[in-house]
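Just below is one structure, and these are the notes that go with it.
Residue numbers (the working numbering): 42 to 264.
What follows is the structure in structure tokens.
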């Protein structure tokens with residue numbers, strides 16, 4: 042799904058999100074069946090078949106890992122809320138927009154909790170789409186692995202699922218203590234991702250096993 046949204050809407054982000062790694066490792070019958078159909082769809086497409094060389098789940102487990110060189114604990118979920126200091130977004134989604142993120146481990150423990158402001162919007166980041174560049178602003182150490190966050194706007198909009206059903210909302214992200222380990226700027230100031238294969242992913246923590254299976258099928262254009 043293409044994501045061209047570069048305007049920040051807090052309502053689309055707020056709530057609990059769970060790692061796509063849970064989908065990858067799920068033993069639920071519906072989700073497991075969806076992965077089987079997805080693998081067959083990939084193998085039948087010569088352009089996509091290399092993804093399944095070691096199994097499609099193995100491919101996504103590598104691409105969607107939530108660990109990093111600075112953080113070896115898997116991120117099981119995120120809880121995102123308005124920061125008490127939230128302002129209003131300007132045309133490029135920056136200004137004084139702030140959100141609070143609680144990063145949770147697989148055991149439910151809190152890995153970190155910070156307020157973030159949107160520093161700027163990267164024109165072409167994750168999926169080649171506009172990507173929000175968030176910086177923690179609550180006085181944490183610059184060595185904290187969650188100091189910087191790159192993320193594309195959730196897609197589809199989270200409210201659409203509650204109102205009309207369809208696919209669960211999800212977003213891709215990367216994070217680090219130093220923005221220079223995530224983004225490189227050329228002499229003209231244009232930015233590019235340094236790691237274009239890292240797609241840590243969070244999905245809206247709602248719905249049923251069938252809704253989660255639908256995400257797996259849609260990702261691979263399988264039915």
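The beta-carbon is built from N, C-alpha and C at its ideal position, and this holds for glycine as well.
Note that this is a predicted model, so its numbers are computed, not measured.
Close beta carbons around residue i, own chain, < 8 Å, minus the five adjacent residues each side
i, result
"residue 110", "none"
Length of the line joining the Cα atoms of residue i and residue j
i, j, result
"residue 236", "residue 251", "32 Å"
"residue 134", "residue 49", "Any reading at residue 134 must be qualified, since the residue scores a pLDDT of 46, below 50, and its modelled position is unreliable; no value is offered."
"residue 211", "residue 256", "9 Å"
"residue 203", "residue 151", "27 Å"
"residue 165", "residue 230", "13 Å"
"residue 184", "residue 82", "43 Å"
For residue i, the residue or residues it bridges with in DSSP
i, result
"residue 151", "145"
"residue 189", "176, 217"
"residue 123", "140"
"residue 163", "172"
"residue 56", "121"
"residue 157", "140, 177"
For residue i, three-class secondary structure by DSSP
i, result
"residue 242", "strand"
"residue 257", "helix"
"residue 74", "helix"
"residue 233", "strand"
Own chain, CB closer than 6 Å to residue i, minus 5 neighbours either side, in chain order
i, result
"residue 141", "122, 124, 156"
Neighbour-count burial assignment, residue i, 16 or more Cβ in a 10 Å radius
i, result
"residue 215", "buried"
"residue 103", "exposed"
"residue 195", "buried"
"residue 218", "buried"
Cut-off 7 Å between Cβ atoms - residues of its own chain near residue i, not counting five sequence neighbours on either side
i, result
"residue 98", "65, 76"
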